[in-house]
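Undergrad: Before I ask anything, let me first share the structure, which is written out below as structure tokens.
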Ligand SMILES: NC(=O)c1ccc[n+]([C@@H]2O[C@H](COP(=O)([O-])OP(=O)(O)OC[C@H]3O[C@@H](n4cnc5c(N)ncnc54)[C@H](OP(=O)(O)O)[C@@H]3O)[C@@H](O)[C@H]2O)c1
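Next up, the structure:
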């Protein structure tokens, strides 16, 4: 009764599966793509159970049903699930843009439903995952935090709209940071430093910065003050970044655009 079933094992589902396996946790999977099924079978892991059809599954065995299909596949899936699902099942939907209320309406039974919005770092246990639910008790929330602790950290939001911000900020976060680092890499390319070396150097720059912040227990402004001495070179660059809050405004506007896109997409599906 404490096992987990994953429905849809694509990009995100596979990351989740690998995270379960790294943690030594059992996972059952239902997926329709033959290529993925073969890949999973080749792993020959005792922790993985693969089903081909919903009617092969004893739903009483499962506490959490993690739904990882694309939004356009959800309606068909919930219709099928209605024939099998049990009231003891807790639904965890990773499906972007679909509200808990919409999902709740599509099930005949009154179920506990949680909406998770992770980022790609879920694969290595470092996701910042926003969670929303309407009818889950505090005691149950603690169980979810404890059971899925290997995903990274959770931020429980009290208003579902907030998920749009978390999608924009933490969902997109790894890509924004990579974009900034790619800009730095392009500068090194102009200085004739090859791609392999520049990647190594930028990693060291990033790791060194994080390491310094952590070891010194200081915040970003303190570090900036330490590097940018008055009248020096870093100050000159920072003055250019921050003139009229130029860079900060660009970042702010970009996140707002992503948040609005998330809102618009969710209007389409609900
Ligand atoms: N990728 C991310 O980083 C990320 C992050 C946050 C949230 N999400 C959400 O997570 C969901 C999955 O995203 P994804 O990128 O992993 O999509 P994906 O790669 O398309 O994976 C979905 C998988 O589910 C399969 N599937 C669909 N309906 C099924 C059914 N009834 N039974 C069994 N398998 C079924 C699909 O097979 P077919 O290909 O044959 O249709 C596909 O292999 C989406 O709703 C997305 O919004 C993704």
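Numbering (the working numbering), first residue to last: 308 to 577.
The beta carbon of each residue, even a glycine, is placed where N, CA and C say it ideally should be.
Could you have a look at residue 500 and say whether DSSP puts it in helix, strand or coil?
TA: Reading the chain shown from its first residue, position 193 is the one you call residue 500. Reduced to three states, the DSSP call for residue 500 is coil.
Undergrad: Which class does residue 550 belong to by DSSP, given the choice of helix, strand or coil?
TA: For this step, residue 550 is matched to residue 243 along the chain shown. Here residue 550 sits in helix by DSSP.
Undergrad: Hey, would you say the C-beta of residue 574 is under 7 Å away from at least one heavy atom of ligand 3?
TA: This structure simply doesn't include ligand 3; it includes ligand 1 instead.
Undergrad: Throw me the rounded Cβ distance for the residue 347 and residue 355 pair, which I believe falls under 8 Å.
TA: The residue given as residue 347 occupies position 40 in the chain shown. The residue given as residue 355 occupies position 48 in the chain shown. 6 Å between Cβ atoms; contact.
Undergrad: Rounded to a whole number of angstroms, what is the C-alpha to C-alpha distance between residue 398 and residue 501?
TA: Here residue 398 refers to the residue found at position 91 of the chain shown. Here residue 501 refers to the residue found at position 194 of the chain shown. Taking the straight line joining both Cα atoms gives about 48 Å.
Undergrad: Any heavy atom of ligand 1 within a distance shorter than 7 Å of the CB on residue 403?
TA: Numbered from its first residue, the chain shown carries residue 403 at position 96. Yes, since a heavy atom of ligand 1 falls inside the 7 Å radius drawn around the Cβ of residue 403.
Undergrad: Say the cut is 7 Å; is the CB of residue 376 nearer than that to a heavy atom of ligand 1?
TA: Counted from its first residue, the chain shown places residue 376 at position 69. Yes, the beta carbon of residue 376 sits closer than 7 Å to at least one heavy atom of ligand 1.
Undergrad: Looking at residue 417 and ligand 1, is the gap between the Cβ and the nearest heavy atom below 7 Å?
TA: Along the chain shown, read from residue 1 onward, the residue named residue 417 stands at position 110. No; taking the cut-off as 7 Å, the Cβ of residue 417 has no heavy atom of ligand 1 nearer than that.
Undergrad: Return helix, strand or coil for residue 310, following the three-state DSSP convention.
TA: Taking the first residue of the chain shown as position 1, residue 310 is located at position 3. In this structure, residue 310 counts as strand in the three-state DSSP scheme.
Undergrad: Quick one: residues in its chain with C-beta nearer than 7 Å to the C-beta of residue 576, no 5 flanking neighbours on either side, listed in chain order?
TA: Taking the first residue of the chain shown as position 1, residue 576 is located at position 269. So the qualifying residues of the chain are 378, 404 and 405.
Undergrad: May I ask you to report which of helix, strand or coil DSSP gives residue 438?
TA: Here residue 438 is taken as the residue at index 131 of the chain shown, counted from 1. The answer is strand: DSSP assigns residue 438 an E or B state.
Undergrad: By alpha-carbon positions, which one of 439, 494, 455 and 509 ends up nearest to residue 472?
TA: Numbered from 1 along the chain shown, position 165 holds the residue referred to as residue 472. Considering only alpha carbons, the answer is 439.
Undergrad: State the Cα-Cα distance for the pair residue 341 and residue 541, rounded to the nearest angstrom.
TA: Position 34 of the chain shown, counted from the start, is the residue given in the question as residue 341. Position 234 of the chain shown, counted from the start, is the residue given in the question as residue 541. For residue 341 and residue 541, the distance between alpha carbons rounds to 54 Å.
Undergrad: How big is the Cα-Cα spacing for residue 321 and residue 369?
TA: Position 14 of the chain shown, counted from the start, is the residue given in the question as residue 321. Position 62 of the chain shown, counted from the start, is the residue given in the question as residue 369. Using only the alpha carbons, I get a separation of about 19 Å.
Undergrad: Which residue wins for smallest C-alpha separation from residue 432, given the options 416, 422, 412 and 455?
TA: Within the chain shown, numbered from 1, the residue matching residue 432 stands at position 125. Of 416, 422, 412 and 455, the residue nearest in Cα terms is 455.
Undergrad: Grab the span of the alpha helix (DSSP H) containing residue 454 for me, first residue to last.
TA: By one-based count along the chain shown, residue 454 stands at place 147. Taken as a continuous stretch (DSSP letters only), the alpha helix (DSSP H) holding residue 454 covers 445 to 454.
Undergrad: Which complete alpha helix (DSSP H) runs does the segment 452 to 482 hold, if anything under 4 residues is left out?
TA: Whole alpha helix (DSSP H) segments, 4+ residues: 469 to 473.
Undergrad: How many angstroms separate the CA atom of residue 510 from the CA atom of residue 487?
TA: Here the question's residue 510 lines up with position 203 in the chain shown. Here the question's residue 487 lines up with position 180 in the chain shown. One C-alpha to the other measures close to 12 Å.
Undergrad: Just curious, the alpha helix (DSSP H) that residue 376 is in, first and last residue?
TA: Position 69 of the chain shown holds residue 376. Unbroken run through residue 376: none, as it is neither H nor E.
Undergrad: Would you call residue 534 buried or exposed, if buried means 16 or more other Cβ atoms sit within 10 Å of its Cβ?
TA: Counting from one through the chain shown, the residue named residue 534 turns up at place 227. Its Cβ having fewer than 16 others within 10 Å, residue 534 is exposed.
Undergrad: For ligand 1, is there a heavy atom less than 7 Å away from the beta-carbon of residue 373?
TA: The residue you call residue 373 lines up with position 66 of the chain shown. Not under cutoff, so the answer is no.
Undergrad: Expressed to the nearest angstrom, what Euclidean distance is found between the alpha-carbon atoms of residue 445 and residue 562?
TA: In the chain shown, counting from the first residue as 1, residue 445 sits at position 138. In the chain shown, counting from the first residue as 1, residue 562 sits at position 255. So the alpha carbons of these two residues sit roughly 31 Å apart.
Undergrad: Given this structure, state the Cα-to-Cα distance separating residue 506 from residue 515, to the nearest angstrom.
TA: Position 199 of the chain shown, counting from 1, holds the residue named residue 506. Position 208 of the chain shown, counting from 1, holds the residue named residue 515. Going from the Cα of residue 506 to the Cα of residue 515 covers about 14 Å.
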